[in-house]
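Worksheet for the structure shown next.
2 protein chains.
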Amino acid sequence: MNIKEIAALCDVSTTTISRVINNDPRVTQKTRSHVKSIMKKYNYTPNAFARGLILNSMRMIGILCTNIDDPYYAKATSLIESEIKKHGYNSILGCTGNNLEDKIKHLDLLLKNRVDAIILIGSAFRENTENDHIRTAAKQSPVIIINGLIEIPGVYCVLCDEKESIIQNVRLLTEQNKRNIMYVYDVLTYSGLQKLSGYRIGLELCGIKKEISVSVKIGADINEIRNTVADALKLFPETDAIMASEDFLAIGAQKAMAELGKNLPLIGFDNSRYAQCATPSLTSVDNMLDSICPIAVKLLIDLLNGKKVPSKIIMPTELIERETFVTKKSSTV
Amino acid sequence: MNIKEIAALCDVSTTTISRVINNDPRVTQKTRSHVKSIMKKYNYTPNAFARGLILNSMRMIGILCTNIDDPYYAKATSLIESEIKKHGYNSILGCTGNNLEDKIKHLDLLLKNRVDAIILIGSAFRENTENDHIRTAAKQSPVIIINGLIEIPGVYCVLCDEKESIIQNVRLLTEQNKRNIMYVYDVLTYSGLQKLSGYRIGLELCGIKKEISVSVKIGADINEIRNTVADALKLFPETDAIMASEDFLAIGAQKAMAELGKNLPLIGFDNSRYAQCATPSLTSVDNMLDSICPIAVKLLIDLLNGKKVPSKIIMPTELIERETFVTKKSSTV
DNA sequence: TTGAAAGCGGTACCAT
DNA sequence: ATGGTACCGCTTTCAA
Chain B
1 MNIKEIAALC DVSTTTISRV INNDPRVTQK TRSHVKSIMK KYNYTPNAFA
51 RGLILNSMRM IGILCTNIDD PYYAKATSLI ESEIKKHGYN SILGCTGNNL
101 EDKIKHLDLL LKNRVDAIIL IGSAFRENTE NDHIRTAAKQ SPVIIINGLI
151 EIPGVYCVLC DEKESIIQNV RLLTEQNKRN IMYVYDVLTY SGLQKLSGYR
201 IGLELCGIKK EISVSVKIGA DINEIRNTVA DALKLFPETD AIMASEDFLA
251 IGAQKAMAEL GKNLPLIGFD NSRYAQCATP SLTSVDNMLD SICPIAVKLL
301 IDLLNGKKVP SKIIMPTELI ERETFVTKKS STV
Chain U
334 MNIKEIAALC DVSTTTISRV INNDPRVTQK TRSHVKSIMK KYNYTPNAFA
384 RGLILNSMRM IGILCTNIDD PYYAKATSLI ESEIKKHGYN SILGCTGNNL
434 EDKIKHLDLL LKNRVDAIIL IGSAFRENTE NDHIRTAAKQ SPVIIINGLI
484 EIPGVYCVLC DEKESIIQNV RLLTEQNKRN IMYVYDVLTY SGLQKLSGYR
534 IGLELCGIKK EISVSVKIGA DINEIRNTVA DALKLFPETD AIMASEDFLA
584 IGAQKAMAEL GKNLPLIGFD NSRYAQCATP SLTSVDNMLD SICPIAVKLL
634 IDLLNGKKVP SKIIMPTELI ERETFVTKKS STV
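Chains B and U are the protein sequences, given in the same order.
Terminal number for the first sequence in our numbering: 333, no gaps in between.
Terminal number for the second sequence in our numbering: 666, no gaps in between.
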């Protein structure tokens, strides 16, 4: 069933049908309702490809993340998808993995499919070498980066200040007289580097010389993480607090401590559901996806509507206190 | 840049360009490479909408789940997306929520976008009343259901035997002389009903009369779950084992037990990463997504290639033993 | 208010 | 091996 057949059935031209489809006012109420009833009767749906061909858009937005099976990306994707939908766009999803070639391939795929815009989730899309693929993509389609930062024209970033939040964590720990703070991390994406740098700066600002950083194998399971951290704890028995770059790592650290009969203050990152599931429950930095994602989508929609928008928006983070570490703000002894 | 311009630049017809694009052998090697070089030089990409219009396909597969921010759906989506990609298809993602109207709207959206097939993840897509929307969708496009079962022509289901796995769990618990088994659940989708029914059948088969089932508010956070289960444990202090319909609920139950100083055998469901994160780590039923998803995609691709495929594939589950419950298979005292 | 017809950018049939 | 051209289903300009 196509527009011509519907036109014939209604005894009007295809133009009129098109006008009805697109809510063009230049159709009498009578004709309009008649056409609508026929369309309903025959369950007619305009061909999206044909519309796409002319309008040069199928109202699709490409979302790329490295791995949707990571709760952080899942949450972001979930929030973005729901926002996008509100504005009448659909989401095409790609999970790229961490391989640069695959990221490029996915980007190309989205461009080939002529998406209206591209949203990259996470700083994994900023390579530490060059970012030509993103530069190229941005020339053809707006690119939004969630919690990542690349300064390229046509690329818009909405992120939280991860470095600063880690600096604050160090400060909070030192306020409780912790001077041997272990930092557990794995992947050194831009974000990973920011956090690591926050750790180092934090130590420096607090006058601490000794860094105890533990690098965990990327993609390690909980037992591998536990073992790695346990080894580190044996190596640095003076450790009196632990921070991790992600909740999952923090939980591995938690298990390591349990194994060694330790119970040090512990701060995770992402405030994921893992943090709630942990026993004791995990104090964690909330990276504000709940605010960032809607803001990013709003920015994108404004952009698509031709408005002027900022190229960079940075939010502060928030420490969610649970059982593994509490600040004593009101230290009324 | 379109096919005509490229044709002009190459001094050949659009037909030839098209042939090169589609790897049609009827082009000399010389022409082909020349065309290819020009295409590369001008960074030409055939318009996907135009191709879609003619071929009536953009090689897109629609994936629907209720909530990608649930690790179960996230894992399934991740596995499906990666399999689909291998076969040269892209994924368009929709998160519908649990509202029937929204599910219908999403289904319509996918059909409007003329996806090549639709994959529904989870039994939440089977309504307990009627399923006309799925019936209608299946008439226009193949529908695959992951871990859900609806017997409708054009709908293909790949699932695991959840009911049976719960029956087995009851049996394993009774073998350890547990007779007061609490069952914690929330949403009663088809899957939820299957599991609940497995619990009841299991009890019956083991000659247990007393059912202790606890219904938790849908969407409850970990504290609400803990409170609900704690109340139930106070009401039924004779409880000597707990099963849950999902890992997250099991963890809530775990926290309730901790609160009350209890330490009963506990079995979760889904074998999600939550199970690893729990302390003590959670014994859980693996619902075999790792096998189901590739099988489902394979079935789909076969279907799209016109092969005959089964309408229903059922896999057995597997109990992953961790700390909260271990079977004593080799009970050599 | 309505309609005829020219595209949008490809593909595929039928010639050559 | 290559090309001319009708056509996919819709939108939009221009004319009536």
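Idealized CB from N, CA, C, for every residue including glycine.
In this text, all values refer to a predicted model and were calculated from it rather than measured experimentally.
Below the 8 angstroms Cβ cutoff, chain U contributes ILE396, THR410, GLU414, SER424, ILE425, LEU426 as neighbours of B:LEU93, in chain order. Within chain U, not a single residue places a beta-carbon under 7 angstroms from that of B:PRO25; the smallest gap is close to 23 angstroms. Among the residues of chain U, those whose CB is under 9 angstroms from the CB of B:TYR274 are ARG606, TYR607, CYS610, following chain order. Looking only at B:GLY207, B:ASP286, B:ASP102, the smallest Cα-Cα distance to B:ASN67 is reached by B:ASP102.
Apart from the 5 residues on each side of it in sequence, B:MET39 sits with its Cβ closer than 7 angstroms to the Cβ of ILE6 in its chain, given in chain order. Going by DSSP, U:CYS610 is part of the alpha helix (DSSP H) stretching over 606-610. Between U:LEU386 and B:LEU53, the gap from beta carbon to beta carbon is short of 7 angstroms. Shown here, U:SER346 sits in coil according to DSSP, grouped into three states, outside any helix or strand. Residues of the stretch 592-603 of chain U that bring their beta carbon within less than 9 angstroms of a beta carbon in chain B are absent altogether. In the three-state scheme derived from DSSP, where H, G and I count as helix and E and B as strand, B:MET182 is classed as strand. U:VAL659 is the residue among U:VAL659, U:LYS543, U:LEU633 whose C-alpha sits nearest the C-alpha of U:GLU508. Under the DSSP assignment, U:PHE602 falls in the beta strand (DSSP E) whose first and last residues are 599-602. By the Cβ test, the stretch 234-244 of chain B is not in contact with the stretch 573-581 of chain U, since fewer than three Cβ pairs between them sit closer than 8 angstroms.
Ranked by Cα distance from U:THR462, the options U:GLN362, U:TYR523, U:TYR377 are led by U:TYR523. For a cut-off of 8 angstroms, the C-beta gap from B:LEU107 to B:ILE63 is around 12 angstroms, too long to register as a contact. Counted as a single uninterrupted DSSP element, the stretch harbouring U:ILE485 is not any beta strand (DSSP E), since DSSP gives it neither H nor E.
Of the candidates U:PRO643, U:SER498, U:GLU484, U:CYS493, U:GLU484 places its Cα closest to the Cα of U:ASP465. In the DSSP assignment, the residues bridged to B:PHE325 are B:ARG322. Non-local C-beta neighbours of U:LYS337 in its own chain, meaning closer than 8 angstroms and more than five positions away in sequence, comprise THR347, ordered along the chain.
Using a 10 angstroms sphere on the CB of B:SER165, the tally of other CB atoms reaches 16 or more, which defines it as buried.
Contact annotation: U:SER411 and B:CYS65 have beta-carbon atoms that are not nearer than 7 angstroms. Between B:PRO71 and U:TYR422, the alpha-carbon positions lie close to 25 angstroms from each other.
When Cβ-Cβ separations below 7 angstroms define contact, U:GLY421 makes no contact with chain B. Around the C-beta of B:ASP290, fewer than 16 other C-beta atoms lie within 10 Å, and the residue is accordingly described as exposed. By the neighbour-count criterion, in which a residue is buried when 16 or more other Cβ atoms sit within 10 angstroms of its Cβ, U:GLY535 is buried. Residue contact check for B:ILE222 against chain U: a CB pair falls below 7 angstroms. Restricting attention to alpha helix (DSSP H) runs no shorter than 4 residues, the stretch 418-467 of chain U encloses them at 433-445, ordered along the chain. Going by DSSP, B:THR31 is part of the alpha helix (DSSP H) stretching over 29-41. With its beta carbon less than 7 angstroms from one in chain B, U:LEU386 belongs to the interface. For B:MET60, the three-state secondary structure derived from DSSP is strand.
The residue among U:SER390, U:ALA629, U:LEU582 with its C-alpha nearest the C-alpha of U:MET515 is U:LEU582. With respect to the 7 angstroms criterion, U:THR612 and B:THR279 are classified as neighbours on the basis of their beta carbons.
In the DSSP annotation of this structure, B:VAL143 is not part of any alpha helix (DSSP H); the continuous beta strand (DSSP E) holding it starts and ends at 143-146.
Across the structure, U:ILE417 and U:LEU597 are spaced so that their CA atoms are roughly 42 angstroms apart. In the displayed model, U:MET590 falls within a helix according to three-state DSSP. From the listed residues B:GLY198, B:ASN271, B:VAL27, the smallest Cα separation to B:GLU211 is found for B:GLY198.
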